[in-house]
Amino acid sequence: MTDMDRRGFVKAGLAVLAGSALGPGVTLFQAFAEDGRESSKTRWGMVIDTNKCSEKCTECVSACRTENNVPLFGEPKYDGHWIRKAAVTPDVEGAKSMSLPLLCNHCEHPPCQHVCPTAATFTRHDGIVMIDKHRCIGCRYCMIACPYKARTFVFKSTEEWPNKDVPKRSKGVVEKCHFCAHRLDKGQIPACVEACTKSGDGAMIFGNLKDPQSDISKYIRENAPRGLREDFGLKPKVLYKGV
Amino acid sequence: MEKIRYSAIKGDSNGYLALLGALGVLSLGGFWAAWTMFTDGHSVTGMTNAVPWGFPIVVAIYLIGLSAGSLVISALSSVFGKKEFKVFSRIAALLAALLLVGALMAIILDWGRPERILVPFFSMNPRSMFSLNGMLYSAYIVICFVYLWAMFEEREKLVKALGLLAVFWAVLVHSGTGAIFGFVGARELLHSPLLPPSFIAAALSSGTALMIIVLHFSFKWAGRTLDEALLRQLGRYLMVFLIVVAYFIFIENVTRSYWPANYEAQKFLLLSGNKYSLIFWVGMVGCGVAFPFVILVNRFTGGSLKWILWASALVVGGVLAERYIIVIPAQVMPVEIFPGMKVVSDFQDGSVADYSISLVEAMFGAGIVSFVFLLYALALKFFELMPENVEESRER
Amino acid sequence: MNGRQAGVALVAAIMLFVATPIIYTAAGNGLFRKPPKPELVLPVGGDGKCVEVTDYMRANHMKLLVHARDRIVRGGELLPKYHIEGCKNCHNKRAEFCDRCHSYAGVKPECFECHYLP
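Chains as they are written, first to last, in our numbering: chain A, 17 to 259; chain B, 367 to 762; chain C, 642 to 759.
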């Protein structure tokens, strides 16, 4: 090859490279445009009354596992936790411990969504922070960013499939509570709330925060429950009474 | 004074082939480890739900730092006017590009779903530091290679312009890497506006140290003469960079330790005698800053090439420890969901998590690094990267 | 070796690289023997009609699924006509229908790793 050919080839190659770098830029505009409809009518929220929640009861946890095929490997390192029970004790002499469930708070300003490189974590039109598992690359940045440790990674695949109407876990992606969006879309309530009301302590209230006549809105007006780590400014949608 | 002549190394000695073989075996081990992580899931590693980022991420950010530092060394001649370092420019630029290729490989192979590699490029999230960094890293590799090409073509003006762009981009790249951690408000041990500049400081020190070692051994094993004065000068630069690194470590830890909310976390990290304290004091501070500084600053050892090499080796190891200290303790410490209260749960809330580097992760890390140097060694043989006449080309 | 030998070797290597999958596939299927067309057991139910005409579905069901998926999951639309759970009402014997064409064409959709289709 003469010098001219080599130079021409390299120039062409560089032009192709530069052109291909435009690809992400063009789809950048798409990324802004496509995240769900704006719905102002529904904003799901949950209130947990810790005075009613008892330490022995784990109805919400079992219901979630069965409903959503959340894996239990028998190894605490890898077990998935979409909702978990915690015992919280103030650091004072003789203080009583409170029992409460911890789950994804579906924040209005979710740090997990801010850091997701593929926008796999996004907020649906009704305020639910969802993970699009088809898009998740399993980078786990969101797990670092969540202040509530609400997310777990699927470390290995599992063959168990208790509920065949919903997907089972796919190895290599991150997952968390999504307020049983599939049930909400059918007009039902999340599995944990249903279990708590039917066979648990009745400590969970779920509903539409934007509806001033809903049970949850009335409860919030009367009882002023608080979110966890409100100082972070994330505006969580799961509020606790009695903490 | 002669013009610098570059030529490929012969690369047919037993030593060279043995080196290629060893690096090849280690690289294969690394790829096997990555394959196992992909097929069996991350349960083969030491990572857990409490500590989702392990040694692969440590290695990735370490390599990015080395790359940025090497690029600055490469640009000493074209951008900073130190013409005597022109002899190193090609090697340093190539190493910068290859190190970042290795870093990208470490990141992508660590994903749970690396086969979805195109997804972050076509559905990026402009607010995510990971996403922005992905764009920055890819562009940086292209810039480094174009910069290298300009050096091959000996277009001095273009070299200067591209060198400037590359240095600017390297600062952007590694500040971005620091921002990945510094922007996370959920973890007290990470959240800090100092993290991006302190990453740059660590990059400068580790990159310079790596270049000193690589240059010395590359020239020695290729049988070419190298002006030792150049390496000694790099050693002096390294000494200055170490002061900057020490400053950042000091300010960061003193600031954090001052606020009572952080007493517990800082005590855990610095004073509890566990493996993190050990890695912090012996690795990050001792090997990363203190011992090499002592070697470089005093007149008995500061001028001796052998001692400079040892100091560089200590820095290279110490900065790896620094990266480990950034990534792991912040995850091991529990998130404070109920500040001031005691928490117990099935998900180990409120308790310190456990993490050790597993064999798979160690092989992964060693494999990626070996692969980078394998490519470097091969490049020396097939491209005109190494100068033949350093002595004769010096300005008198 | 000199430049010409290296060039010949390179061309030979490229040709071998390209030819290998062709030879492998042909050998696997029996050289010059056409593999049998897949026999499908058509699903019953839904008065014999899918959500779109057969020719369209055969060519485009994967695109339909992906777009509907994004609209349902990300857009939050309900789309009962295209929801994957709705397909199950008729398509409930994967081994006799879906898998037959998929293995003939040599594709392995990863959907079934998580979505149950009996």
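No residue lacks a Cβ here, since even glycine has one placed at the ideal position from N, Cα and C.
The structure displayed is predicted, hence computed values, not measured ones.
Please state the DSSP three-state secondary structure of phenylalanine 585 of chain B.
Residue numbering aside, residue 585 of chain B sits at position 219 when the second sequence is read from its first letter. Of the three classes helix, strand and coil, the one that applies to phenylalanine 585 of chain B here is helix, per DSSP.
Name, in chain order, the residues that DSSP records as bridge partners for proline 753 of chain B. As a working note, residue 753 of chain B is residue 387 in the second sequence. Answer is B:Tyr372.
*How far does the beta strand (DSSP E) with tryptophan 177 of chain A in it reach, from first residue to last?*
Sequence index remark: in the first sequence, residue 177 of chain A carries index 161 (1-based). Looking at the DSSP string, tryptophan 177 of chain A is not in any beta strand (DSSP E), and its letter there is neither H nor E.
Q) How about isoleucine 147 of chain A and threonine 137 of chain A: are their beta carbons less than 8 Å apart? A) In the first sequence, counting from the first residue as 1, residue 147 of chain A sits at position 131. In the first sequence, counting from the first residue as 1, residue 137 of chain A sits at position 121. Cβ atoms of isoleucine 147 of chain A and threonine 137 of chain A: closer than 8 Å.
Give me the subset of the stretch 714-731 of chain C whose CB atoms are less than 8 Å from a CB atom of chain A, sorted by chain position. Val714, Arg715, Gly716, Gly717, Glu718, Leu719, Glu726
Could you tell me the distance, in whole angstroms, from the CA atom of leucine 225 of chain A to the CA atom of alanine 219 of chain A?
-> Reading the first sequence from its first residue, position 209 is the one you call residue 225 of chain A. Reading the first sequence from its first residue, position 203 is the one you call residue 219 of chain A. The C-alpha of leucine 225 of chain A lies about 17 Å from the C-alpha of alanine 219 of chain A.
(message) I'd like to know if the stretch 459-467 of chain B and the stretch 499-512 of chain B are in contact, where contact means that at least 3 CB-CB pairs between them fall below 8 Å.
(response) yes
What runs of the alpha helix (DSSP H), each 4 residues or longer, lie entirely inside the stretch 602-686 of chain B?
Taking only runs of at least 4 residues, the alpha helix (DSSP H) segments lying wholly in the stretch 602-686 of chain B are 629-636, 641-644, 657-663.
Discussion item. What would DSSP say about leucine 530 of chain B, mapped onto helix, strand or coil?
Written reply: Walking along the second sequence from the start, residue 530 of chain B turns up at place 164. Three-state result, leucine 530 of chain B: helix.
Members of the stretch 400-429 of chain B that neighbour chain A once the beta carbon cut-off is set at 7 Å: Asp406, Gly407, His408, Ser409, Thr414, Asn415, Pro418, Trp419
- Using Cβ-Cβ distances below 8 Å, what residues of the stretch 492-508 of chain B are close to chain A? Pro492, Arg493, Ser494, Met495, Phe496, Ser497, Gly500, Met501, Ser504, Ala505, Val508
Next on the checklist: If you measure between the beta carbons of glycine 542 of chain B and isoleucine 734 of chain B, is that distance less than 8 Å?
Outcome noted: Looking up residue 542 of chain B in the second sequence gives position 176. Looking up residue 734 of chain B in the second sequence gives position 368. Taking 8 Å as the Cβ cut-off, glycine 542 of chain B and isoleucine 734 of chain B do not qualify as a contacting pair.
> So, is valine 603 of chain B buried or exposed, given that buried needs 16 or more other C-beta atoms within 10 angstroms?
Replying inline: As a working note, residue 603 of chain B is residue 237 in the second sequence. The sequence shown places tyrosine at residue 603 of chain B, not valine. So tyrosine 603 of chain B counts as buried.
**Request:** For glycine 41 of chain A, name the three-state secondary structure that DSSP assigns.
**Result:** As a working mapping, residue 41 of chain A is identified with position 25 in the first sequence. Unreliable positioning characterises glycine 41 of chain A in this predicted model, as indicated by a pLDDT of 48, which lies under 50. The coordinate reading is nonetheless provided below. Looking at glycine 41 of chain A - three-state DSSP - the assignment turns out to be helix.
### Cβ neighbours of leucine 429 of chain B in the same chain (closer than 8 Å, five flanking residues each side left out)
Translated into the one-based positions of the second sequence, residue 429 of chain B becomes position 63. Cβ neighbours of leucine 429 of chain B within its own chain (closer than 8 Å, five residues either side excluded): Leu465, Leu466, Gly468, Ala469, Ala472, Ile734, Val735, Val738.
Requested in this report: Could you tell me how far apart the beta carbons of valine 537 of chain B and isoleucine 566 of chain B are, in whole angstroms, since I believe they sit closer than 8 Å?
Outcome: Within the second sequence, numbered from 1, the residue matching residue 537 of chain B stands at position 171. Within the second sequence, numbered from 1, the residue matching residue 566 of chain B stands at position 200. The Cβ separation is near 6 Å, so the contact holds.
Own chain partners of threonine 74 of chain A with C-beta closer than 6 Å, once the 5 adjacent residues on each side are dropped: By one-based count along the first sequence, residue 74 of chain A stands at place 58. For threonine 74 of chain A, where only same-chain residues beyond five positions count, the Cβ hits under 6 Å are Lys101.
query = For isoleucine 153 of chain A and chain B, any beta-carbon pair shorter than 8 Å?
reply = Within the first sequence, the letter at position 137 stands for residue 153 of chain A. Closer than 8 Å: yes.
- Quick one: Cα of isoleucine 439 of chain B to Cα of glycine 589 of chain B, how far? One-based indexing of the second sequence puts residue 439 of chain B at position 73. One-based indexing of the second sequence puts residue 589 of chain B at position 223. Going by the C-alpha atoms only, they are around 22 Å apart.
Would the beta-carbon of arginine 665 of chain B fall within 8 Å of that of histidine 130 of chain A? Reading the second sequence from its first residue, position 299 is the one you call residue 665 of chain B. Reading the first sequence from its first residue, position 114 is the one you call residue 130 of chain A. Contact: no.
- Take every Cβ of the stretch 721-734 of chain B, pair it with every Cβ of the stretch 644-661 of chain B, and state whether three or more of those distances are shorter than 8 Å. Contact between the stretch 721-734 of chain B and the stretch 644-661 of chain B is absent, because fewer than three Cβ pairs lie under 8 Å.
Could you tell me whether any Cβ in chain A is nearer than 8 Å to the Cβ of alanine 552 of chain B? Within the second sequence, the letter at position 186 stands for residue 552 of chain B. With 8 Å as the cut-off, alanine 552 of chain B counts as an interface residue toward chain A.
Open item on the list: For the stretch 672-685 of chain B against the stretch 597-613 of chain B, do three or more pairs of beta-carbon atoms, one drawn from each stretch, fall closer than 8 Å, so that the two count as touching?
Closed with: At 8 Å Cβ cutoff, the stretches touch.
### Query
What are the boundary residues of the alpha helix (DSSP H) that includes threonine 402 of chain B?
Locating residue 402 of chain B in the second sequence gives position 36, where the first residue counts as 1. Note, threonine 402 of chain B: alpha helix (DSSP H), 380-406.
Alpha carbon to alpha carbon, how far is glutamate 109 of chain A from arginine 620 of chain B? Give it in angstroms, no decimals. Here residue 620 of chain B corresponds to residue number 254 of the second sequence, with the count starting at 1. Here residue 109 of chain A corresponds to residue number 93 of the first sequence, with the count starting at 1. The question names arginine, but residue 620 of chain B is valine in the sequence shown. Roughly 32 Å separates the two Cα atoms.
Beta-carbon of arginine 645 of chain C versus every beta-carbon of chain A: anything under 8 Å?
As a first step, residue 645 of chain C is located in the third sequence; it is residue number 4 there, counting from the start. So, not an interface residue.
Report task. Taking only beta-carbon positions, decide if cysteine 212 of chain A is within less than 8 Å of chain B. Result -> Counting from 1 along the first sequence, the entry for residue 212 of chain A is found at position 196. Not an interface residue.
Looking at the structure shown, is glutamate 191 of chain A part of a helix, part of a strand, or coil, going by DSSP?
Counted from its first residue, the first sequence places residue 191 of chain A at position 175. The answer is strand: DSSP assigns glutamate 191 of chain A an E or B state.
Exercise for the section: Would you identify the three-state DSSP class for serine 233 of chain A, choosing helix, strand or coil? Expected result: For the purposes of this step, residue 233 of chain A is identified with residue 217 of the first sequence, where counting begins at 1. It is helical.
Can you confirm whether phenylalanine 138 of chain A, when its beta carbon is compared against all beta carbons of chain C, has any partner nearer than 8 Å? Here residue 138 of chain A refers to the residue found at position 122 of the first sequence. Yes, phenylalanine 138 of chain A lies at the interface with chain C (some Cβ there is under 8 Å from its Cβ).
*asked:* Helix, strand or coil for serine 215 of chain A? Go by DSSP, reduced to three states.
replied: Position 199 of the first sequence, counting from 1, holds the residue named residue 215 of chain A. Helix.
Report task. Answer with yes or no whether the minimum CB distance from leucine 225 of chain A to chain B is below 8 Å. Result -> On the first sequence, position 209 is the one that residue 225 of chain A refers to. No, no contact with chain B.
Own chain partners of cysteine 739 of chain C with C-beta closer than 8 Å, once the 5 adjacent residues on each side are dropped: In the third sequence, counting from the first residue as 1, residue 739 of chain C sits at position 98. The answer, listed in chain order, is His732, Leu758.
Worksheet item: Less than 8 Å separating the beta-carbons of serine 763 of chain B and valine 685 of chain B?
Response: With chain B running from 367 to 762 in the structure shown, residue 763 of chain B is simply not present.
In chain order, what residues of the same chain have a beta carbon less than 7 Å from the beta carbon of leucine 530 of chain B, not counting five sequence neighbours either side? Translated into positions along the second sequence, residue 530 of chain B becomes position 164. Hits under 7 Å: Val445.
- Near-chain A residues of the stretch 467-488 of chain B - C-beta to any C-beta below 7 Å: Trp477, Gly478, Arg479, Arg482, Val485, Pro486, Phe487, Phe488
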